[in-house]
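Working notes, structure below.
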Amino acid sequence: MHLPAYRFGKPYESLERDTLVHFLTGEKIAEVSQVGGAIVGRDLQKAGQARAALLAIDPEEIVERLQTAGNLYAHGTLTVGDTKQSPDDFVKQQSATTGLPESLCRANMQKNMFVLANMDRMLDALSRGLSPEILWKGYGTEHRGVVVSYQAQSPVLGLVLPSNSPGVHTLWLPVIALGVGLVMKPGSQEPWTPYRMTAAMIEAGIPAEAISLYPGPTDVGAGILNTCRRSMIFGSAKTVEQYRANPGVQVHGPGFSKIILGDDMVDDWEQHLDVMAESVAINSGRGCINASAIYASRHTKEIAAALSERLGPIDVKPPQDPESKLAAFTIPGAAKAIWGQIETGLKASGVSHMTAPYGDRLVEGERCGWLRPVVAHCTSPEPEIARAEYMFPFVSVVECSQATMLEKIGPTLVCTAMTENPAFQEELVNSTAIDRLNFGPIPTTKLDWLQPHEGNIIDFLYRSRALQVAVEKTAAVS
Amino acid sequence: MVTPSASQPASTAAAGKPPVFQVADAAAVAQARQQLDAHTVEMMAWHFHPSTGCPFWLDYATSLSFDPLKEVTCYDDLKKFPPFEDEWLRGGPVRRWVPKGMADKPMFVFETGGTTGVPKSRVNHRDFRTDYEMFSDTLPEEYFPRGANWLMLGPSGPRRLRLSIEHLAQHRGGICFCVDLDPRWVIKLIQKGWMEHLEAYKQHCIDQAITILEAGHDIRCMFTTPKLLESLALALEKKGTTIRKAGITGIFSGGTEFTPQWTRFAVEELLDGAYMTPTYGNTLMGLAASRPVVPADGYTIAYYAPQPRAVIEVVDFDNTNEVVPYGGTGRVRLTTLTHETFIPGFLERDEGERELPYAKYPWDGISGVRPFRALAASTTVGVY
Chain A
2 MHLPAYRFGK
12 PYESLERDTL
22 VHFLTGEKIA
32 EVSQVGGAIV
42 GRDLQKAGQA
52 RAALLAIDPE
62 EIVERLQTAG
72 NLYAHGTLTV
82 GDTKQSPDDF
92 VKQQSATTGL
102 PESLCRANMQ
112 KNMFVLANMD
122 RMLDALSRGL
132 SPEILWKGYG
142 TEHRGVVVSY
152 QAQSPVLGLV
162 LPSNSPGVHT
172 LWLPVIALGV
182 GLVMKPGSQE
192 PWTPYRMTAA
202 MIEAGIPAEA
212 ISLYPGPTDV
222 GAGILNTCRR
232 SMIFGSAKTV
242 EQYRANPGVQ
252 VHGPGFSKII
262 LGDDMVDDWE
272 QHLDVMAESV
282 AINSGRGCIN
292 ASAIYASRHT
302 KEIAAALSER
312 LGPIDVKPPQ
322 DPESKLAAFT
332 IPGAAKAIWG
342 QIETGLKASG
352 VSHMTAPYGD
362 RLVEGERCGW
372 LRPVVAHCTS
382 PEPEIARAEY
392 MFPFVSVVEC
402 SQATMLEKIG
412 PTLVCTAMTE
422 NPAFQEELVN
432 STAIDRLNFG
442 PIPTTKLDWL
452 QPHEGNIIDF
462 LYRSRALQVA
472 VEKTAAVS
Chain B
277 MVTPSASQPA
287 STAAAGKPPV
297 FQVADAAAVA
307 QARQQLDAHT
317 VEMMAWHFHP
327 STGCPFWLDY
337 ATSLSFDPLK
347 EVTCYDDLKK
357 FPPFEDEWLR
367 GGPVRRWVPK
377 GMADKPMFVF
387 ETGGTTGVPK
397 SRVNHRDFRT
407 DYEMFSDTLP
417 EEYFPRGANW
427 LMLGPSGPRR
437 LRLSIEHLAQ
447 HRGGICFCVD
457 LDPRWVIKLI
467 QKGWMEHLEA
477 YKQHCIDQAI
487 TILEAGHDIR
497 CMFTTPKLLE
507 SLALALEKKG
517 TTIRKAGITG
527 IFSGGTEFTP
537 QWTRFAVEEL
547 LDGAYMTPTY
557 GNTLMGLAAS
567 RPVVPADGYT
577 IAYYAPQPRA
587 VIEVVDFDNT
597 NEVVPYGGTG
607 RVRLTTLTHE
617 TFIPGFLERD
627 EGERELPYAK
637 YPWDGISGVR
647 PFRALAASTT
657 VGVY
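Protein chains in written order, with the numbering used here: chain A, 2 to 479; chain B, 277 to 660.
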């Protein structure tokens, strides 16, 4: 199987190819054409054509085609690269190169399909009921009778996608429905979702010239970020820091998501064990929305012990086993290196390794490695491990007074807060350390897609600005 | 791992297909080898004779277990020397590298490295001129016409390249326009993560290049690096023109990022019919020309050193005195044999595939040149 680059719909076979192999067997799965950053720079000079192709179609029709694409993505046999690919093929290929269990690949597939199937509701929610015609035309009259204008900030959105987390693709799925083209650098190990999604969209009637796929080395990513006026990048804390001050780049890095138990509810902690376990371990703990810390003022040792009893026995299973819950680290030596960091953290004063009784955590394979779930107990928020996040089910249960909790938690993408104390709820609402806030027993991983994630994508792609029309012309505007 | 050879082998020999270029015949290869052997003996006589050798080598010879004047009778005998350590080139006194036989000649010093710490230095009297005059003979007149003016859009300052390109232009009857470019600052910008500054500096260089190209100087030839060529081509395209329409007919370029795919992209999309010849070189060796880069050869870029003045061998990673088989992968080992400089068996920071001798250059070549795998992570390439 060969995956070429797509230059606004035109396949491009490079002389240089990357070979993707099965993480367990080393069997060749696919070759992926590799292009350089200059191709991106050259093509993007014509990025306006991507948006023009979308704007030539009625916005409601685009949404309908995306819904069809969702169905094709989840259920259809599509031509991906030079090969017909069924949903089962997709799952096996994605699992083979990312190390994700097949069941998790299927779950992510369903998530992507759900977002596309509900695209009309999502857009309505994110735009607060704005007519999509206004985004297409640039201005129009709202239902309140007020002229509004939304100016597209870029004809395309650049995406530097990750290799390790197929779940993130939901973030860019609404972009086409907003009349903005896609310029993607697929993750080197996970080209599968962007390629299959592109195939499904084109099959459903989305103009091919609105989408580009540029697999390649890091200079492709740099080319995208330098040339697209709006881009998203997924990366480490270092990447986040590098682009923090760049308004044209939305960075998605570690989430440091957390569960907080208020003093009013902490004595009932056992009732929330399911929520805690799911938040930590679902999707093999790979997401930025998986909880990496649980804060409470008391019962923390018991919580950590109970979570360990639940998660500690989870073991490595073959990727095709429906019960397989752990993804492999496919880069040789990665699991061992991470375990080395964790072991150091666990030796700090005030830290206990609660999953130690459940056997070795590091499992080394011939070509890859796994880490079984780790629960650490911290007697205060001070040890470094209390602020750690890893790409597997890992959580620190941290003892901390409610009064100092919000000072100590640090940046938190998703916070599930178990409290009915109005004063504490008010503090939580006002905390700028928290992005998504859940009140009550909602797993951190359960996202309401009708609400924005790390900023509203419409606000990122469009700028609301003033546009006045002389009174006699108003009728023509509406 | 990205491998240029995965689908389209960079090395013709590795592909197991008949070569599409004219392979040198055995007689030509043997004759070239005889010349190399004779040249080696002549160079030993120069560099190790007390009246002509430089202080460094005369002093070094006292520590050797053999007499280079008597016991080096052919090129292969140079294996008796321990590998050359480029660290010896850092720091002074610089005169220790000047052969006594040319002590009264005007000398240049050219630097390489030096982003941090003391750069490596090589003294030159006219080696750079000789190298580029020889290279000049390989340039097709159709694209590099005699008398045409040149633009040097590449690293300047204490580097050999800047003066060499100017000399090449003059040697061919033209005048060379130059743009300042400090690669040490570029590397620092990358190391600091100041990517906006990097872009601004690159744009600053490109703006100057376009200004010169548009100033009516009838510039038809250019030296530039792949990254700057990309930027220049895209900047010109934004202005509704191209490199060819800006007057350039011939481009001479160099760098390890010269992959078959990049070359194909440049030929198909950036050059608009201008001719580009890739080269491989550095301050220590000089300049290796390439055999013609053509689609039928999978855009393979194979370089041939200017033998006998310099020799490139592709050697086993572990046993660096053994060349690998044709098509095999190994590290670049460089030997420089001029009256001004003697560098035996220097292990370069690059690797590649060993190529068959070419009719025009009847000795071994190298293709697929890229940073040596053991050092690749710490090497910053393609920065300017």
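Ideal Cβ positions, reconstructed from N, Cα and C, are used throughout, including at glycine. Keep in mind the model is a prediction, meaning the values are calculated, not measured.
Considering residue i, what are the terminal residues of the alpha helix (DSSP H) in which it resides?
i: E428 (chain A); result: 423 to 431
i: E475 (chain B); result: 471 to 489
i: W364 (chain B); result: Looking at the DSSP string, W364 (chain B) is not in any alpha helix (DSSP H), and its letter there is neither H nor E.
i: P208 (chain A); result: P208 (chain A) -> no alpha helix (DSSP H), and no H or E assigned at all.
i: M110 (chain A); result: 103 to 118
What residues of chain B sit near residue i, judged by a beta carbon separation below 8 Å?
i: E367 (chain A); result: The premise fails here: E367 (chain A) is roughly 18 Å from chain B at the closest Cβ pair, so nothing lies under 8 Å.
i: G82 (chain A); result: Neighbours of G82 (chain A) on chain B: none; closest Cβ ~13 Å, over 8 Å.
Taking only three categories from DSSP, how would you classify residue i?
i: Q152 (chain A); result: strand
i: F9 (chain A); result: coil
i: Q284 (chain B); result: Confidence in Q284 (chain B) is poor, its pLDDT being 38 and thus under 50, which makes the residue's placement too unreliable to answer from.
i: R496 (chain B); result: strand
i: F24 (chain A); result: coil
i: C350 (chain B); result: coil
i: H315 (chain B); result: helix
i: G224 (chain A); result: helix
i: A305 (chain A); result: helix
i: G644 (chain B); result: strand
i: K521 (chain B); result: coil
Which one of the options has the shortest CA to CA distance from residue i?
i: P375 (chain B); options: B:L613, B:Y634, B:E624; result: B:L613
i: V470 (chain A); options: A:H253, A:G182, A:T142; result: A:T142
i: A509 (chain B); options: A:Y13, A:I443, A:F461, A:A39; result: A:A39
i: L546 (chain B); options: B:I519, B:S529, B:T535, B:A485; result: B:I519
i: L651 (chain B); options: B:P633, B:D626, B:M471, B:L474; result: B:D626
i: R373 (chain A); options: A:G206, A:R107, A:D316; result: A:D316
i: S232 (chain A); options: A:P218, A:K239, A:N247, A:A238; result: A:N247
i: F373 (chain B); options: B:T328, B:L415, B:G450, B:P431; result: Going by the sequence as given, residue 373 (chain B) is Trp instead of Phe. Checked all of B:T328, B:L415, B:G450, B:P431; the closest Cα to W373 (chain B) is B:T328.
i: P502 (chain B); options: B:D352, B:E624, B:F541, B:M319; result: B:F541
i: E365 (chain A); options: A:H378, A:T331, A:I135; result: A:T331
i: V399 (chain A); options: A:G313, A:P5, A:H300, A:R66; result: A:H300
i: L365 (chain B); options: B:L340, B:F332, B:A379, B:D353; result: B:F332
i: I463 (chain B); options: B:D494, B:I482, B:G389; result: B:G389
i: Q1 (chain A); options: A:R43, A:P218, A:M123, A:H3; result: Past the boundaries of the shown model lies residue 1 (chain A); chain A is included only from 2 to 479, so the question cannot be answered.
i: A31 (chain A); options: A:H354, A:Y196, A:V41, A:E344; result: A:Y196
i: S96 (chain A); options: A:Q426, A:L21, A:P5; result: A:L21
Could you tell me the boundaries of the beta strand (DSSP E) in which residue i lies?
i: T84 (chain A); result: 84 to 86
i: Q251 (chain A); result: 250 to 253
i: R398 (chain B); result: 396 to 400
i: P584 (chain B); result: No beta strand (DSSP E) contains P584 (chain B), which DSSP labels as neither H nor E.
i: R464 (chain A); result: 463 to 466
i: W186 (chain A); result: First, the amino acid is wrong: residue 186 (chain A) is Lys here, not Trp. 182 to 186 is the span of the beta strand (DSSP E), which, as asked, contains K186 (chain A).
i: F622 (chain B); result: 618 to 631
i: K29 (chain A); result: 29 to 34
i: T80 (chain A); result: 79 to 81
Check the Cβ of residue i against every Cβ in chain B and list those closer than 9 Å, keeping chain order.
i: N119 (chain A); result: None at all; the shortest Cβ gap to chain B is about 38 Å.
Closer than 8 Å: is that where the CB of residue i sits relative to any heavy atom of the ligand FAD?
i: W371 (chain A); result: The model on display carries no ligand, and the ligand FAD is accordingly not part of it.
Quick one: list the residues of chain A neighbouring residue i, beta-carbon separation under 7 Å, in chain order.
i: K514 (chain B); result: Q46
In chain A, which residues lie with their C-beta within 8 Å of the C-beta of residue i?
i: L510 (chain B); result: A39, G42, R43, Q46
i: G549 (chain B); result: Those do not exist, as G549 (chain B) stays about 16 Å from chain A at its closest Cβ, beyond 8 Å.
For residue i, return the contacting residues in chain B, with the cut-off set at a CB-CB distance below 7 Å.
i: G227 (chain A); result: Reading off the sequence shown, one finds Asn at residue 227 (chain A), where the question assumed Gly. Within 7 Å Cβ-Cβ: E475.
Check whether chain E comes within 9 Å of residue i, counting only Cβ atoms and requiring the distance to be less than that.
i: A338 (chain A); result: Absent here is chain E; the protein component of the structure consists of chains A and B.
Give me the chain A residues within the contact set of residue i, using Cβ-Cβ distance strictly less than 9 Å, ordered along the chain.
i: E506 (chain B); result: G37, G38, A39, G42, R43
Scan the stretch 235 to 263 of chain A for residues whose Cβ lies nearer than 8 Å to a Cβ of chain B and list them as they occur along the chain. Q243
Which residues, in order along the stretch 12 to 38 of chain A, keep a beta-carbon less than 7 Å from a beta-carbon of chain B? S15, L16, E17, R18, D19, T20, E32, Q35, G37
Would you list, in chain order, the members of the stretch 522 to 547 of chain B that have their beta-carbon closer than 7 Å to a beta-carbon of chain A? Within the stretch 522 to 547 of chain B, the qualifying residues are T535, P536, Q537, W538, R540, F541, E545.
At a CB distance below 7 Å, what residues from the stretch 475 to 497 of chain B approach chain A? Give them in sequence order. E475
Any C-beta of chain A within less than 7 Å: which residues of the stretch 572 to 601 of chain B qualify? G574, Y575
If the cut-off is 9 Å on Cβ atoms, which residues from the stretch 621 to 641 of chain B count as contacting chain A, listed in chain order? none
Chain-ordered residues of the stretch 452 to 477 of chain B with a beta carbon less than 8 Å from chain A: G469, M471, E475
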